[in-house]
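In order, the protein sequences belong to chains G, X, E and P.
All the letters of the first sequence, read from the start, carry residue numbers 1 to 311 under our numbering.
All the letters of the second sequence, read from the start, carry residue numbers 312 to 622 under our numbering.
All the letters of the third sequence, read from the start, carry residue numbers 623 to 933 under our numbering.
All the letters of the fourth sequence, read from the start, carry residue numbers 934 to 1244 under our numbering.
By construction, the Cβ of each residue, glycine as well, lies at the ideal position given by its N, Cα and C atoms.
There are 4 protein chains.
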Amino acid sequence: MADLAMLVANIAARAATATDRGRVADYIPELAKVSAGHFGIAVVTAAGEEFAAGDADMRFSIQSVSKVFALVEASCRHGDAVWTMVGREPSGSAFNSIIQLELEGGRPRNPFINAGAIAVCDLIAQGKDSAEAIAAIMARIRDLAGDDSIDIDPAVAWSESVTGFRNAALANYMRSFGVIAGPVDATLSVYFQQCAIAMSCRQLARAGRFLALGGVAPDTGLPVISAERTRRINALMLTCGHYDASGDFAFRVGLPAKSGVGGGILAIAPGRASIAVWSPGLSPQGNSLLGTRALEQLAQATGWSVFNPDV
Amino acid sequence: MADLAMLVANIAARAATATDRGRVADYIPELAKVSAGHFGIAVVTAAGEEFAAGDADMRFSIQSVSKVFALVEASCRHGDAVWTMVGREPSGSAFNSIIQLELEGGRPRNPFINAGAIAVCDLIAQGKDSAEAIAAIMARIRDLAGDDSIDIDPAVAWSESVTGFRNAALANYMRSFGVIAGPVDATLSVYFQQCAIAMSCRQLARAGRFLALGGVAPDTGLPVISAERTRRINALMLTCGHYDASGDFAFRVGLPAKSGVGGGILAIAPGRASIAVWSPGLSPQGNSLLGTRALEQLAQATGWSVFNPDV
Amino acid sequence: MADLAMLVANIAARAATATDRGRVADYIPELAKVSAGHFGIAVVTAAGEEFAAGDADMRFSIQSVSKVFALVEASCRHGDAVWTMVGREPSGSAFNSIIQLELEGGRPRNPFINAGAIAVCDLIAQGKDSAEAIAAIMARIRDLAGDDSIDIDPAVAWSESVTGFRNAALANYMRSFGVIAGPVDATLSVYFQQCAIAMSCRQLARAGRFLALGGVAPDTGLPVISAERTRRINALMLTCGHYDASGDFAFRVGLPAKSGVGGGILAIAPGRASIAVWSPGLSPQGNSLLGTRALEQLAQATGWSVFNPDV
Amino acid sequence: MADLAMLVANIAARAATATDRGRVADYIPELAKVSAGHFGIAVVTAAGEEFAAGDADMRFSIQSVSKVFALVEASCRHGDAVWTMVGREPSGSAFNSIIQLELEGGRPRNPFINAGAIAVCDLIAQGKDSAEAIAAIMARIRDLAGDDSIDIDPAVAWSESVTGFRNAALANYMRSFGVIAGPVDATLSVYFQQCAIAMSCRQLARAGRFLALGGVAPDTGLPVISAERTRRINALMLTCGHYDASGDFAFRVGLPAKSGVGGGILAIAPGRASIAVWSPGLSPQGNSLLGTRALEQLAQATGWSVFNPDV
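Pasting the structure below:
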């Protein structure tokens, strides 16, 4: 594992000198304030060893990476009933597109595009006030990461809510079809807060480790979710985790992963490791440019692609 | 491996008694003639052991499964230049949809939807007559399967060509954008013949084995294509191999696979096995109903899902 | 004009016995309460003669017919600046479709689909509270109809607002592009109230008479809007007044007209008459079935189609 | 009518000095050869007086203006059966869009977009060879114009056919749904030849005169088509005659009219006149820029808008 330490360090060193760093998201003023100069990486192996470099302990807005944890929470509460409200197909569209909702009767394609994640928030909040729902998501993440200091960045949450008109459009649209059942504002409140969770790469990689372990919590040895559900969440991350660049990410990196417009990506190498990278500059499709490149280098060097025959 | 023999036999036995068998494709008269009662399965392990059951040696029209081999042929000839003409994203649409072609400037989303496969045929035929192109695809498949008896079913090829108006629309549309360069009729001729290749499950599983071996031909030990390209083709099969049910297939089965409307599916368990199943009844999305179910049972029992941690 | 009285009576008599009466709108509970048995017609000639029959004096929810008067109000306030926010092309889509908004950068196609009418409400409300805006629209309609008793049906307005999720989606979507500038809730409040205006056929025909007179108010002889703007509003009514059945209405009736899901239609025969019909049963496209048929009979009998050569 | 002569001369004079002349169509090489400097106008009144100016006697490729005459021919042969194959709604899309065909089961929206016109050609050719069909369309136009010298420009027809891949896509797509029944190539041959008809403004205005006369042929006094069908064709020209700028043309000009990418427009003022203008430079929507402007000036000066109250 000396190699892994060196590899992680090398990747961070290369990222530090990269000149083409993508564009920092500016659709939320709070996100636009972050410098494109940052890069962090943290690898937590299945066995629990940690390797980190760069800004691995600096907290950033995890944004859509939170959708993985919300799906876990919704699955624990509702099991397969999640899939009556949300599909599991790649969308072939931008993350915030509303066209498919109209063509497909208000049902979002998967839980990792905005519409689907809002529907998941609604499922979690069902019949309760939104405060309980976001508290449950936070408790889940803190528990998985083993770190109670993880919290919502209130400035980002506020920024999301006052500029979130497209998300409000998606929520109202789904509400008109009964795909979301609760009050639109309450559901959106959960969603906006969830997007505003701030975590470091190290915290994120720790929180995702159970996904590399067939759903088993490393500290207790007890299942967070079943092995089958874990495989399925990994499958969804591979096919839908990078919006309309999911196919390209699978092609280049070959790992289940979920990106966020804050520049973070959580990637899972089943049986091997949980990996988090962060660099705020984005590709045109809204995924971290240097983060994707780092994961490509890591997968290439380690042979962790799920498509690798291991022969 | 005694277990695998029994498992394959059990799967075939269960399929034999299934009552909900899907609908046999009827858009081509020749395909509609096949009985929904058939079911075949063949597993060829990485090491070369073979396990087969049911109608594993009966030949059927492989249809879109041929797109995998055409992509291999095009990659050998043109390398990464393939990706200038064809994308690698799931389409989020039906296999024969033309909408995205208009929205995206005539460029097909991936090589496994009809438009993309036609563009791949055009690449192979480039600058030569179509006879040479289809001969090259046939030679490739015969070589990979180690079986010179594999051939095109002329009745199916004819049936395809006289009813192939939607494919002709796709080809003409791409031609108007210069995405295909050759004469439309010649390109379509390659495509229609390729779709009409007849193979058995056993032949198909043998032909796909190199994809489970990192691209290495099992008989010679020489690479058919590089390990990296092999991973990438497997990734494409996982994200795009089942049209607009690719996400669901990844969710349920977790293996790279390509289906055809003849009812065949070729699935790859990297490092483990190449698997072919066949049952002519289709799901509404155009994928073999019993074939998918059989692969789900196989993946479950063997733990071959690429999302399995192996811990 | 004895003929016109008899014609109007005949049309009403025929409508009274019609068996195929369409479906009463049920997307708002208040609208669903109205009986499909009603039919009213009122013709006010350019010279001011009135001919009415059936339920011509029963008030109904004018719904989208109000969009004509809101456009007049917005034109008076903002002139051609209206067209920077709203297009003037038929949509080729359903009245509440959101697809084109995404494909066309949030700009609604015309002021007579829901999105466009909401944008018009926002223009009227600009920089003021919504109460002033709806008051201005009401004052305009009362003035044009010469009838201060015209009012909003509060039960319908409430029903609109608690079920108006698709309209809320449209408004939020446009807000995200800056096409509407004011607070979404305030703008929607204007829109929902405007849709809930209750008028009789007679009141509606009187209120529309200036559109048959080149924009001149019949009582004062003063222009409400210029002759050119009047022609243009008539043109918009012809090309966009019946949602995605506008072409068919022009084909069959040949008059500028605007329909509402309450079953009302206001039609203008330039230089001849203002006509209002009402029957709550709708066609699948959301236009009054008997109302359309009545206008077809009237246009046929009078020769008032704008496409009539008068030779 | 001295005024009309002067008006026409003034309009031509203004057009001659215009600097912003639009872009000559270049998608067919033959069309691209025409100079943007041309402008012609011809007005033939209902009574038969003719007023012409500029290049009114220079022949140009009438392109889509031919769709009006093909619709007349199909209506004479098939009556209302035309409307089982073709709709009569504005498309809300570009002239050569294929998206709506997929969303609406292969049925074109109206006879004036490419798909609809191809379906009309197929109806005319039904059960006969394409030579008869194009001969019938030519005979119809020559008869209406009273001019046997009108002919197809073979270079343009050839140019259309060798570059017409998008039209071939539309035809094949409709053929797959049975919307066109004949051999695709034969149907396209009729369409390409029809588009390549060369006429002058004067010939075109003469040929359209019956549409201003309720369908009556001016020379014989006999109906070419019924008064009702004439009104309906005029309605279609108003709602669908300028592709996705039809609403704007109705808004600005207020006359039924059909444009072609050769730069010609045929406009009808029912009961007043048939008007043809020509200038090869196009707007982004594919309609003659100076031609549209000329018709706007003419309609403004004469008051011929169908939305004019004549009070």
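One alpha carbon belongs to residue 1219(P), the other to residue 958(P), and they sit about 8 Å apart. In this structure, the straight-line span from the alpha carbon of residue 192(G) to that of residue 873(E) is close to 49 Å.
Fully enclosed alpha helix (DSSP H) runs of no fewer than 4 residues occupy 849 to 862 of the segment 834 to 863 of chain E, in order along the chain. The three-state secondary structure of residue 914(E), taken from DSSP, is helix. For residue 308(G), the chain X residues whose Cβ falls inside 7 Å of its Cβ are 542, 581, in order along the chain. Non-local beta-carbon contacts of residue 913(E) in its own chain, meaning distances under 6 Å to residues more than five positions away in sequence, involve 887, 899, 901 in chain order. Residue 409(X) and residue 595(X) have their C-alpha atoms spaced approximately 19 Å apart. Residue state for residue 999(P) is assigned as helix, using DSSP reduced to three classes.
Interface flag for residue 336(X) against chain P is unset, since no Cβ pair is found closer than 8 Å. Taking the Cβ atoms as the reference, residue 62(G) lies roughly 21 Å from residue 213(G), outside the contact range of under 8 Å. The residues 666, 767, in chain order, have a CB closer than 6 Å to that of residue 828(E) in the same chain once the five nearest residues on each side in sequence are set aside. Assignment of residue 1180(P) by DSSP, reduced to helix, strand and coil, places it in the helix class. In this structure the segment 1109 to 1127 of chain P lies against the segment 1042 to 1055 of chain P, because at least three pairs of beta carbons, one per stretch, are closer than 8 Å.
By the Cβ criterion, the segment 918 to 932 of chain E is not in contact with the segment 720 to 739 of chain E, since fewer than three pairs of Cβ atoms, one from each stretch, lie closer than 8 Å. Between residue 775(E) and residue 820(E) the beta-carbon gap is near 4 Å, inside 8 Å, which marks them as a contact.
Close partners of residue 840(E) in chain P (Cβ separation under 8 Å) are lacking, with about 11 Å as the shortest Cβ gap. Sixteen is the threshold: when 16 or more other Cβ atoms of the shown chains lie within 10 Å of the Cβ of residue 796(E), as they do, the residue is buried.
Contact with chain E is absent for residue 1086(P), since none of that chain's Cβ atoms lies less than 8 Å from the residue's Cβ. Pairing residue 387(X) with residue 972(P), the inter-Cα distance amounts to about 56 Å. Taking 8 Å as the CB threshold, residue 130(G) stays off the interface with chain E.
Chain-ordered, the chain P residues with CB closer than 7 Å to the CB of residue 870(E) read 1021, 1022. In this structure, residue 961(P) places its C-beta atom within 8 Å of the C-beta atom of residue 1093(P).
Classified as buried, residue 67(G) has 16 or more neighbouring CB atoms from the shown chains inside 10 Å of its CB.
Closest in alpha carbon position to residue 558(X), among 303(G), 90(G), 225(G), 195(G), is 90(G). Assignment of alpha helix (DSSP H) within the segment 993 to 1037 of chain P, counting only whole runs of 4 or more residues, yields 999 to 1011, 1015 to 1018, 1032 to 1036 in chain order. Contact annotation, residue 1166(P) with residue 1188(P): C-beta distance approximately 13 Å; criterion of less than 8 Å not satisfied.
Contacts with chain X at 8 Å (Cβ-Cβ) do not include residue 192(G). Assignment of residue 325(X) by DSSP, reduced to helix, strand and coil, places it in the helix class. Annotation for residue 9(G): 53 place their beta carbon closer than 7 Å to its own, counting only its chain and skipping 5 residues before and after. Only residues of its own chain outside the window of five on either side were considered, and among them 673 have a CB closer than 7 Å to the CB of residue 627(E), listed in chain order. For residue 466(X), the enclosing alpha helix (DSSP H) starts and ends at 465 to 474. Closest in C-alpha terms to residue 551(X), from the list 419(X), 369(X), 329(X), comes 419(X).
Distance from the Cα of residue 488(X) is smallest, within the candidate group 439(X), 533(X), 397(X), 554(X), for 397(X). Interface residue (Cβ-Cβ distance to chain X less than 8 Å): residue 1105(P) is classified as such.
For residue 802(E), the secondary structure class from DSSP, reduced to helix, strand or coil, is coil. Chain order gives no chain X residues near residue 1158(P), where near means a beta carbon separation below 7 Å; the closest approach is about 32 Å.
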